[in-house]
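Just below is one structure, and these are the notes that go with it.
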């Protein structure tokens with residue numbers, strides 16, 4: 692995540708965006724609930740939030756208050772780095788991420804095809820739900 696933070700700051704530094712579009716980052720899971728809510732409240736007013744998959748899963752699983760910010764209504768854009776981690780629709784992470792109410796989703800991965808077409812369906816279904824139909828229909 693540090694790399695993403697550096698890239699955002701690098702590319703938005705020369706325009707007037709840093710003041711109106713700050714970058715927020717969850718550093719680790721040792722922060723207090725009060726600090727987390729405060730950070731989410733600031734982000735909710737505008738900005739970029741960087742968060743790892745595990746932190747997202749932990750927060751959404753632990754408290755309805757976090758879900759209010761992170762899932763419903765959710766961010767306007769989700770960028771999922773290491774998209775190959777979304778290759779199994781049975782994982783807890785995949786299920787939580789599928790619940791995101793967001794307008795746009797982007798998956799970044801160096802290996803879109805892993806072991807079989809079902810894994811491909813899962814990643815595409817995250818980025819564009821139902822684009823390839825239901826999993827059972829796609830298997831045929």
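In our numbering, the protein residues as written are 692 to 831. C-beta atoms are modelled at their ideal positions from N, C-alpha and C, and glycine is treated no differently. As the structure is a prediction and not an experimental result, all values here were calculated from the model.
Item to complete: Using 10 angstroms around the beta-carbon of residue 704, count the other beta-carbons present and answer buried if the total reaches 16, otherwise exposed.
Response: It is exposed - the Cβ of residue 704 has fewer than 16 other Cβ atoms within 10 Å.
Discussion item. Any contact between the segment 748-762 and the segment 797-807? By contact I mean 3 or more CB pairs, one from each, below 8 Å.
Written reply: No, they do not touch.
Practice prompt. Classify residue 820 as buried or exposed, calling it buried when 16 or more other Cβ atoms lie within 10 Å of its own Cβ.
Written response: With fewer than 16 other Cβ atoms within 10 Å, it is exposed.
Practice prompt. My understanding is that residue 768 touches residue 729, with C-beta atoms under 8 Å, so please give their C-beta distance in whole angstroms.
Written response: Contact flag wrong, Cβ pair sits at about 22 Å.
Fill in: For residue 678, the three-state DSSP class (helix, strand or coil)
As displayed, the chain neither begins before 692 nor continues past 831, which places residue 678 out of reach and without an answer.
Item to complete: Have a look at residue 825 and residue 706 and give me their C-alpha separation to the nearest angstrom.
Response: Going from the Cα of residue 825 to the Cα of residue 706 covers about 43 Å.
Practice prompt. Pull up the distance between the alpha-carbon of residue 726 and that of residue 757, whole angstroms please.
Written response: One alpha carbon belongs to residue 726, the other to residue 757, and they sit about 12 Å apart.
Worksheet item: Between residue 738 and residue 715, which are expected to be in contact by the criterion C-beta below 8 Å, what is the C-beta distance as a whole number of angstroms?
Response: Rounded to whole angstroms, the Cβ separation of residue 738 and residue 715 is 6 Å, and the two are in contact under 8 Å.
Discussion item. I'd like to confirm something about residue 802: is its beta-carbon nearer than 7 Å to some heavy atom of the ligand FMN, or not?
Written reply: Among the components modelled here there is no ligand, and therefore nothing to report on the ligand FMN.
Worksheet item: Fully enclosed by the segment 750-796, which beta strand (DSSP E) runs are 3 residues long or longer?
Response: Runs of the beta strand (DSSP E) inside the segment 750-796: 768-771.
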